[in-house]
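Structure first, commentary second.
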């Protein structure tokens, strides 16, 4: 089903609303993907530029979840950044220390879990960030990463087991 | 079924850890303005503000019409950096070919890094072509090694015109590229020396049909993948070649196809990123149909170095030798060698975890660095880093700091404790 074309001003209002609603969420996801605050901010900016340019696509397709559509753009942007990064050995602990001061208390196990997720291979990190951190459904996660639900399921299973192995002695999830 | 407990734990931990990482209202305004090219309509705007905004828009539009996507749009941080701004060259060279036209708008060479901006417009209904950028710098008779360090579209290992990646549209109207001279022993005399830059693009065309693999790329080293998985993955590219089809991976990269097609094994020994393209060109899938070439001569801006060799001891006993410092109008490049006196054990990355070095430039703002560590055969650790700076400086300030205090020092743009103050090392540049 095709949507009616959205007039320019309404498009601007929509983008404005998205920027207000989702910028922090996209910035944090990009940061966890890229481990670099500056690059995450650039990727967030690029996400909005691409979203604006692809408004036609958004209107043509029946997008039911704006956030998932925006996260797809953000993740693809981060992939581009990763491919174009020149050289990078990242001490993620330091990267986290360099962030602006936390507004809420952080326990040692929060740091451990964050570092463990940041250290996951990209394919597993993606699904953890989308499915668990951003709260997307299995189907939405599959759409964002352009894979089947079976693939997402397989990667989630693997990612969960990697997390649990890494976190043994730290946080335990088994009931 | 979603593991709710895991979901809560992940959301709690990540949101706590990243609770300080938020966009500001100013940033969100910038996001909007940069995305739409306009400004948000505020509830109350004075007539004067409207007039000023209108004048600014006219100025920006006139600038855009003159030069297209400019260096300062690619590197807006440098807008107030007078030496940098003054050395931007308007080139406006256009090449028109069978498959696309390309225009180089502006370039700037700071003595270490050349930046250029360009746009590419694909021809309507033209076949897709694969573009290989080749950038050379010549100083007198000597060709210098160059390396693309950053670009706004993926460029360093070749790219498709138009973009072939599903669901992705690259912004070919607004391309910015940074290229460094990778040999840091090269020095120029800014008053006499000129560097000739040549930017060329080989245009590779194929008559073969182009297809995408549906299979995920196995990642070597991941436990779930075996050698046979990788062999299976590779075999589809070999099969495609035998069937005279070009097969791209899921993100339209040509490298798996290029690596899988038959080639002289001796090329493997010499293969360096991205020389797989040379392998591709020995086969019959692609031919270079055209070559877009641009050239210009640039006067390098002065590059400063440390006046004298510098070595110092970190509080944990590690010895830091500053092997090279190069400071241009917009960046600091630094190479350090770190050793552990009296130890016969090679240094490991873990040995450099508790302490680090904060670097500032006197009179200029320093951004976060791009850092690379690598262990050396002699047991030392190499630390290479580049910082962007937004103005000229005559002095660098190095402060050995505890890793956990690094962010405080960066926020403060200087020492936060008396001990750090006492450890501060000032390096005069010339």
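Residue numbers (this note's numbering), protein chains in the order written: chain X, 5 to 179; chain L, 286 to 715.
Beta carbons are placed, not taken as given, at the ideal position from N, Cα and C, and that holds for glycine.
If you're wondering where the values come from, they're calculated on a predicted model, not measured in any experiment.
Practice problem: Flag residue 316 of chain L as yes if its beta-carbon sits less than 9 Å from any beta-carbon of chain X, otherwise no. | Solution: Within the second chain, numbered from 1, the residue matching residue 316 of chain L stands at position 31. Taking Cβ atoms only, chain X reaches closer than 9 Å to residue 316 of chain L, which makes this a yes.
Contact the segment 685 to 696 of chain L vs the segment 612 to 625 of chain L: 3+ CB pairs below 8 Å: no
- Query: CB residue 688 of chain L to CB residue 101 of chain X, shorter than 9 Å?
  - Reply: Translated into positions along the second chain, residue 688 of chain L becomes position 403. Translated into positions along the first chain, residue 101 of chain X becomes position 97. Against a cut-off of 9 Å, the Cβ pair of residue 101 of chain X and residue 688 of chain L comes out as a contact.
Listed by chain order, chain L residues near residue 27 of chain X by CB distance under 8 Å: As a working note, residue 27 of chain X is residue 23 in the first chain. Those are 308, 312, 313 and 316, listed as they occur along chain L.
Check: Whose Cβ in chain X lies nearer than 9 Å to the Cβ of residue 688 of chain L?
Finding: As a working note, residue 688 of chain L is residue 403 in the second chain. 95, 97, 98 and 101, listed in chain order.
Next on the checklist: Tell me the DSSP secondary structure of residue 290 of chain L in three-state form.
Outcome noted: As a position in the second chain, residue 290 of chain L is number 5, starting the count at 1. Three-state DSSP puts residue 290 of chain L in a helix.
Discussion item. I'd like to check one pair, residue 51 of chain X with residue 74 of chain X: are the Cβ atoms closer than 9 Å?
Written reply: Taking the first residue of the first chain as position 1, residue 74 of chain X is located at position 70. Taking the first residue of the first chain as position 1, residue 51 of chain X is located at position 47. For residue 74 of chain X and residue 51 of chain X, yes; Cβs fall inside 9 Å.
Residue 350 of chain L classed as buried or exposed, judged by whether at least 16 other C-beta atoms fall within 10 angstroms:
Counted from its first residue, the second chain places residue 350 of chain L at position 65. Low confidence applies here, because residue 350 of chain L scores a pLDDT of 44, under 50, leaving its location unreliable and the question unanswered by this model.
Under 7 Å from the C-beta of residue 710 of chain L: neighbouring residues of chain X
Taking the first residue of the second chain as position 1, residue 710 of chain L is located at position 425. Residues of chain X passing the Cβ test: none, with the nearest at roughly 20 Å.
Original post:
Can you find at least 3 beta carbon pairs, one from the segment 475 to 484 of chain L and one from the segment 582 to 597 of chain L, that sit closer than 8 Å?
Top reply: yes
Out of L:486, L:440, L:499 and L:702, state which residue places its alpha-carbon closest to the alpha-carbon of residue 461 of chain L.
To locate residue 461 of chain L, count along the second chain from 1; it is residue 176. Residue L:440 is the option with its Cα nearest to residue 461 of chain L.
- Message: On the CB-based measure, 16 or more other CB atoms within 10 Å of its CB, does residue 499 of chain L come out buried or exposed?
- Response: Counting from 1 along the second chain, the entry for residue 499 of chain L is found at position 214. Exposed, since its Cβ has fewer than 16 Cβ neighbours within 10 Å.
Exercise. What did DSSP end up calling residue 659 of chain L once you bin it into helix, strand or coil?
Worked result: Your numbering for residue 659 of chain L matches position 374 in the second chain. The answer is strand: DSSP assigns residue 659 of chain L an E or B state.
message = For residue 681 of chain L, tell me which candidate among L:648, L:398, L:566 and L:305 has the shortest Cα-Cα distance.
response = Position 396 of the second chain, counted from the first residue, corresponds to residue 681 of chain L. The residue with the shortest Cα to Cα distance from residue 681 of chain L is L:648.
Do you know offhand how far residue 142 of chain X's Cα is from residue 26 of chain X's? Taking the first residue of the first chain as position 1, residue 142 of chain X is located at position 138. Taking the first residue of the first chain as position 1, residue 26 of chain X is located at position 22. Cα to Cα, residue 142 of chain X sits roughly 20 Å from residue 26 of chain X.
Euclidean distance between Cα positions of residue 158 of chain X and residue 72 of chain X = Here residue 158 of chain X corresponds to residue number 154 of the first chain, with the count starting at 1. Here residue 72 of chain X corresponds to residue number 68 of the first chain, with the count starting at 1. Rounded to the nearest angstrom, the two C-alpha atoms are 20 Å apart.
For residue 716 of chain L and residue 386 of chain L, what's the separation of their Cα atoms in angstroms?
Residue numbering for chain L in the displayed model covers 286 to 715; residue 716 of chain L lies beyond these limits and cannot be assessed.
Within chain X, partners of residue 295 of chain L - CB distance below 8 Å = Within the second chain, residue 295 of chain L is the residue found at index 10, counting from 1. Per Cβ cutoff of 8 Å: 117, 121, 132, 136 and 137.
Hey, does residue 84 of chain X have any beta-carbon neighbour from chain L nearer than 9 Å?
As a first step, residue 84 of chain X is located in the first chain; it is residue number 80 there, counting from the start. Chain L contact via Cβ: present.
ask   = Would you say residue 695 of chain L faces chain X, with C-beta separation under 9 Å as the test?
value = Here residue 695 of chain L refers to the residue found at position 410 of the second chain. So, interface residue.
Going by DSSP, which residues form a beta bridge with residue 379 of chain L? Stepping through the second chain from its first residue, residue 379 of chain L is reached at position 94. Residue 379 of chain L pairs with L:388.
What residues in the segment 146 to 162 of chain X bring their beta carbon closer than 8 Å to a beta carbon of chain L? 150, 151, 155 and 162
Query raised in the report: Does any C-beta atom of chain L lie closer than 9 Å to the C-beta of residue 67 of chain X?
Result: Counting from one through the first chain, the residue named residue 67 of chain X turns up at place 63. For residue 67 of chain X, the answer is no, since every Cβ of chain L falls outside 9 Å of its Cβ.
* To do: Determine the DSSP secondary structure at residue 148 of chain X, reduced to helix, strand or coil.
  => By one-based count along the first chain, residue 148 of chain X stands at place 144. If DSSP states are grouped into helix, strand and coil, residue 148 of chain X belongs with the helices.
- Message: Could you compute how far the alpha carbon of residue 294 of chain L sits from the alpha carbon of residue 107 of chain X?
- Response: By one-based count along the second chain, residue 294 of chain L stands at place 9. By one-based count along the first chain, residue 107 of chain X stands at place 103. Going by the C-alpha atoms only, they are around 18 Å apart.
- prompt: Helix or strand or just coil, what does DSSP make of residue 231 of chain L?
  reply: Chain L is shown only over 286 to 715; residue 231 of chain L falls outside these bounds and no answer can be derived.
How is the beta strand (DSSP E) around residue 63 of chain X delimited, first residue to last?
Walking along the first chain from the start, residue 63 of chain X turns up at place 59. Premise fails: residue 63 of chain X lies in the alpha helix (DSSP H), 59 to 64, not in any beta strand (DSSP E).
inquiry  = Please classify residue 669 of chain L as buried or exposed, where buried requires at least 16 neighbouring CB atoms within 10 angstroms.
reply    = For this step, residue 669 of chain L is matched to residue 384 along the second chain. Residue 669 of chain L is buried by the Cβ-count criterion.
Check your understanding: For chain L, is any of its Cβ atoms less than 9 Å away from the one on residue 105 of chain X?
Key -> Here residue 105 of chain X corresponds to residue number 101 of the first chain, with the count starting at 1. Interface residue, yes.
Which same chain residues, not among the five before or five after residue 522 of chain L, have their C-beta less than 6 Å away from its C-beta? For this step, residue 522 of chain L is matched to residue 237 along the second chain. Excluding residues within five positions, the ones whose Cβ falls inside 6 Å are 532, 541, 542 and 545.
query = Is residue 513 of chain L helix, strand or coil by DSSP?
reply = For the purposes of this step, residue 513 of chain L is taken as residue 228 along the second chain, with counting starting at 1. Of the three classes helix, strand and coil, the one that applies to residue 513 of chain L here is helix, per DSSP.
Under 9 Å, do residue 80 of chain X and residue 144 of chain X count as touching if we go by C-beta distance? For the purposes of this step, residue 80 of chain X is taken as residue 76 along the first chain, with counting starting at 1. For the purposes of this step, residue 144 of chain X is taken as residue 140 along the first chain, with counting starting at 1. The answer is no: Cβ separation not under 9 Å.
- Which whole-angstrom value describes the C-beta separation of residue 489 of chain L and residue 394 of chain L, a residue pair presumed to lie in contact below a C-beta threshold of 8 Å? Locating residue 489 of chain L in the second chain gives position 204, where the first residue counts as 1. Locating residue 394 of chain L in the second chain gives position 109, where the first residue counts as 1. Actually they are not in contact, since the Cβ atoms of residue 489 of chain L and residue 394 of chain L sit about 28 Å apart, beyond 8 Å.
What is the rounded straight-line gap between the Cα of residue 536 of chain L and the Cα of residue 34 of chain X? If you number the second chain from 1, residue 536 of chain L lands on position 251. If you number the first chain from 1, residue 34 of chain X lands on position 30. If I take the Cα positions, the gap works out to 19 Å.
Count the other CB atoms, across all protein chains shown, that sit within 10 Å of the CB of residue 465 of chain L; report buried if there are 16 or more and exposed otherwise. Translated into positions along the second chain, residue 465 of chain L becomes position 180. Counting Cβ neighbours within 10 Å, residue 465 of chain L comes out buried, since at least 16 surround it.
Can a CB atom of chain L be found closer than 9 Å to the CB of residue 49 of chain X?
Start at 1 with the first residue of the first chain, and residue 49 of chain X comes out as number 45. Yes, its Cβ sits closer than 9 Å to a Cβ of chain L.
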